[in-house]
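Protein chains in written order, with my numbering: chain H, 4 to 230; chain Z, 4 to 230; chain U, 22 to 246; chain G, 22 to 246.
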């Protein structure tokens with residue numbers, strides 16, 4: 004990124020970010036992990052903690068990637084990667100799968116995003132590049148339907164532009180849907196119409212984090228007291 | 004019945020009526036048989052002719068009643084009678100069952116009725132006896148959803164009142180749904196807004212049949228030519 | 022470890038406020054969770070709205086719930102069956118409100134609630150007294166009536182086998198409304214005849230995935246097994 | 022005797038008029054009936070509307086159908102996948118109309134068509150550009166958008182096993198849209214990897230009952246069996 008971070012500040016890498024999110028998912032939750040970074044979260048659920056992963060193409064109980072010689076051609080996740088099924092898993096068709104999503108049966112969905120706004124709006128499916136065909140997949144269903152929507156993304160774009168914004172500039176996926184954002188620099192809750200920083204990577208300052216956002220941030224109360 | 008029929012006219016009994024209807028059901032049709040007389044039709048499908056019977060409580064491929072010592076408590080038809088499943092049969096839930104009904108996938112439904120009108124209206128679920136609770140079951144779904152609706156009923160009530168009428172007096176089950184009526188005296192098509200008599204029991208006269216209806220009847224062309 | 026098996030019917034059902042809406046699986050006696058309904062009676066909750074295809078028979082299960090006066094309103098397609106004398110007495114004396122719904126519309130309204138569909142259109146009941154006062158929509162020259170989702174606070178399910186994740190299979194026509202009500206309530210409780218080890222149920226043949234089930238109770242009925 | 026097995030793909034599909042709407046099961050390559058799509062090409066039907074979750078990849082199946090110019094309009098949730106170069110070329114040059122539909126709404130619109138539901142409401146896409154111009158309904162203070170049923174003249178299904186009545190089972194995630202499209206078309210054709218004797222498929226585990234299937238073709242793929 005073109006943003007220069009102070010010495011000693013280490014942005015979370017993809018796996019570290021996935022692991023950070025995984026740590027917050029309690030046992031027993033039904034969770035859909037979006038394509039890309041969110042998919043990695045599956046690999047970081049602590050051993051022995053039963054979290055049931057849903058895939059919109061009709062699977063509950065997604066397991067890890069299979070060894071090369073045990074690939075089942077009919078068993079892929081929503082990102083079309085080969086996966087396995089854990090004991091207790093099940094298959095169903097797309098209408099039943101989206102009954103789970105639209106009907107509010109998923110405890111959590113984690114998606115990537117281009118932008119997240121102070122009011123929880125998320126934009127993650129379309130840009131203004133009209134030369135390419137749009138593709139939405141299940142993003143709108145998941146964003147509108149899951150009980151909680153968390154976003155996993157870099158704090159700023161590769162060009163250094165803010166992704167935490169006052170209002171999304173890209174086309175919306177869903178209004179007011181996001182409750183929590185995990186970036187490579189911080190964890191932020193969306194509450195009372197604004198971003199609350201609940202955690203920063205070691206060495207990161209609130210002032211810099213604020214400078215890297217296009218919307219006002221505030222510190223969570225316990226942190227503000229010691230800031 | 005209080006109607007006096009001429010000597011030699013034998014109204015069809017329940018089984019004869021069921022057999023008459025069964026004879027008209029081609030191989031390969033998916034058919035729902037209503038409670039009461041229509042249920043008897045199943046027993047009269049000619050041996051070797053594959054007709055697939057649907058029951059709204061989640062069964063395709065209804066078979067005959069089981070011997071007393073082979074009753075399965077979980078296997079009943081829509082009339083709550085014990086039945087069997089034929090090879091090729093399947094079980095499904097109520098939403099899928101009514102997908103078959105409402106979605107127009109049944110070739111035929113046969114129901115009983117209080118009244119059928121010249122325009123195909125059917126009344127078969129409620130009377131004006133308000134002392135008893137109403138009960139509709141799947142009658143409205145079947146009448147509105149099946150590709151063809153045939154009615155099996157006596158030609159007149161026990162009191163001798165017409166059941167083939169100009170307009171139904173009882174609450175409707177569905178408007179304009181019936182295409183054919185099998186009574187104990189005749190078979191009538193509903194077409195071009197009227198009843199066409201396509202068959203009468205032996206000895207029956209068109210004049211008497213007309214006298215027993217509260218709507219104009221006409222003879223089918225081939226019969227009219229020889230009448 | 023996820024383990025949705027409860028130690029008792031009372032624990033499986035949990036507390037239930039007065040005025041709750043309870044969805045019952047079952048078609049007549051088949052696939053109706055009679056023991057859970059007894060547990061529902063034990064909660065003491067009153068002023069209930071009960072959704073079921075039929076209105077019970079004899080003096081057990083739903084009929085007993087009605088007889089004890091716990092139910093304010095019944096939403097039902099075919100309340101009058103052989104032996105439904107308790108319902109008929111209550112209804113004819115005006116002590117029970119009845120909302121009559123065509124069977125397929127009843128199933129679809131609960132399916133819609135489970136699927137996050139607040140309303141839909143159907144040709145069923147159009148042109149009849151049951152459609153009176155309802156908004157209509159014309160599509161391709163045909164008229165349809167709007168029906169609304171029907172959700173519950175509690176669903177009581179009878180299933181054949183279940184595992185600790187709440188995955189369920191049913192037996193024959195015992196399936197009926199059970200998988201539908203399971204999707205449509207805030208809390209879904211199942212009584213199962215058989216306990217399966219996790220992974221023992223065929224993933225291709227699980228009818229109700231555990232995501233729809235909050236609690237299970239094992240009630241073997243040896244004489245039927 | 023009911024026997025829905027056809028002797029050839031051409032016989033299974035039958036004639037198809039220009040301008041028809043064809044529903045395809047499958048999620049990416051998984052569970053898509055590639056051989057039936059080749060048969061669809063052979064019918065010569067043009068000006069087709071094709072409904073599928075993705076837009077094909079490489080130069081086989083759906084991609085080949087597109088490349089040959091048989092398709093006027095694609096109704097799709099995620100046309101841009103790895104290898105979907107033929108679609109992208111056609112789209113960017115304006116030779117293919119695209120209707121983009123959220124994946125769950127796409128599934129539900131076809132399910133609605135199969136279930137005789139002409140329209141329904143959903144929160145999906147509310148507040149986004151995909152809801153623009155659509156009628157809305159407010160229920161309990163929340164806004165929903167109206168979506169219409171999506172039916173086809175022909176549905177092409179890939180299934181794991183089938184019997185002569187057209188009962189089908191699927192394999193793993195190959196199920197996806199297949200059982201939905203099967204309900205939503207005037208004519209449904211399935212290619213099956215395995216033939217089952219009537220009665221051999223477990224009645225509790227049949228996913229698509231034969232009532233939804235008009236014709237089957239047995240295409241064993243030994244290398245995958």
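Virtual Cβ for every residue (Gly too), placed ideally from N, Cα, C.
Model, not experiment: these values are computed from the prediction.
So is residue i in contact with chain G if we call contact Cβ pairs under 8 angstroms?
i	result
residue 226 (chain U)	yes
residue 229 (chain U)	no
residue 138 (chain U)	yes
residue 165 (chain U)	yes
residue 194 (chain U)	no
residue 36 (chain H)	no
residue 192 (chain H)	no
Once DSSP output is grouped into helix, strand and coil, what is the label at residue i?
i	result
residue 164 (chain G)	strand
residue 90 (chain Z)	strand
residue 32 (chain G)	helix
residue 57 (chain Z)	strand
residue 62 (chain G)	helix
residue 217 (chain H)	strand
residue 101 (chain Z)	helix
residue 35 (chain Z)	strand
residue 160 (chain H)	coil
residue 13 (chain H)	coil
residue 56 (chain G)	helix
residue 62 (chain H)	strand
residue 179 (chain G)	strand
Is it buried or exposed for residue i, if we count other Cβ within 10 angstroms and need 16 for buried?
i	result
residue 89 (chain G)	exposed
residue 252 (chain G)	A query on residue 252 (chain G) cannot be resolved here, the shown segment of chain G reaching from 22 to 246 and no further.
residue 249 (chain H)	Given that chain H is displayed from residue 4 to residue 230, the structure contains no residue 249 (chain H) and the question cannot be resolved.
residue 130 (chain G)	buried
residue 211 (chain U)	buried
residue 132 (chain G)	buried
residue 110 (chain Z)	buried
residue 197 (chain U)	buried
residue 7 (chain Z)	exposed
residue 53 (chain G)	buried
residue 15 (chain H)	buried
Using a C-beta cutoff of 8 angstroms, does residue i count as contacting chain Z?
i	result
residue 112 (chain U)	yes
residue 141 (chain U)	no
residue 51 (chain U)	yes
residue 184 (chain G)	yes
residue 198 (chain U)	yes
residue 131 (chain G)	no
Assuming the contact rule is C-beta atoms closer than 8 angstroms, residue i and residue j should be a hit. Round their C-beta distance to whole Å, please.
i	j	result
residue 166 (chain U)	residue 143 (chain U)	6 angstroms
residue 149 (chain G)	residue 143 (chain H)	6 angstroms
residue 148 (chain Z)	residue 183 (chain Z)	Rounded, the Cβ-Cβ distance is 17 angstroms, inconsistent with contact.
residue 63 (chain G)	residue 31 (chain G)	6 angstroms
residue 51 (chain U)	residue 79 (chain Z)	5 angstroms
residue 168 (chain H)	residue 98 (chain H)	Actually they do not touch by this definition, with Cβ atoms about 35 angstroms apart.
residue 124 (chain Z)	residue 175 (chain Z)	6 angstroms
residue 180 (chain H)	residue 210 (chain H)	Actually they do not touch by this definition, with Cβ atoms about 29 angstroms apart.
residue 102 (chain H)	residue 152 (chain U)	Not a contact, Cβ separation roughly 26 angstroms.
residue 47 (chain H)	residue 67 (chain H)	Their Cβ separation, rounded to whole angstroms, is 11 angstroms, which puts residue 47 (chain H) and residue 67 (chain H) out of contact at 8 angstroms.
residue 119 (chain G)	residue 86 (chain G)	Actually they are not in contact, since the Cβ atoms of residue 119 (chain G) and residue 86 (chain G) sit about 15 angstroms apart, beyond 8 angstroms.
residue 233 (chain U)	residue 194 (chain U)	Wrong, their Cβ atoms sit about 20 angstroms apart, outside the cutoff.
Is the shortest distance between the beta-carbon of residue i and the beta-carbons of chain U less than 8 angstroms?
i	result
residue 174 (chain G)	no
residue 49 (chain H)	no
residue 190 (chain G)	yes
residue 88 (chain H)	yes
So is residue i in contact with chain H if we call contact Cβ pairs under 8 angstroms?
i	result
residue 219 (chain U)	yes
residue 204 (chain U)	yes
residue 54 (chain G)	no
Could I get the ranges of all uninterrupted beta strand (DSSP E) runs contained in the stretch 115 to 159 of chain U, with 3 residues as the minimum, in chain order? Runs found: 118 to 121, 140 to 143.
As an exercise, report each continuous alpha helix (DSSP H) stretch of at least 4 residues that is fully enclosed by the stretch 89 to 119 of chain G, in chain order. Listed in chain order, the complete alpha helix (DSSP H) runs (minimum 4 residues) inside the stretch 89 to 119 of chain G are 106 to 113.
I'd like the ranges of any beta strand (DSSP E) spanning at least 3 consecutive residues and lying wholly in the stretch 107 to 167 of chain Z. If only complete runs of 3 or more residues are kept, the stretch 107 to 167 of chain Z shows the beta strand (DSSP E) at 111 to 114, 118 to 120, 152 to 156, in order along the chain.
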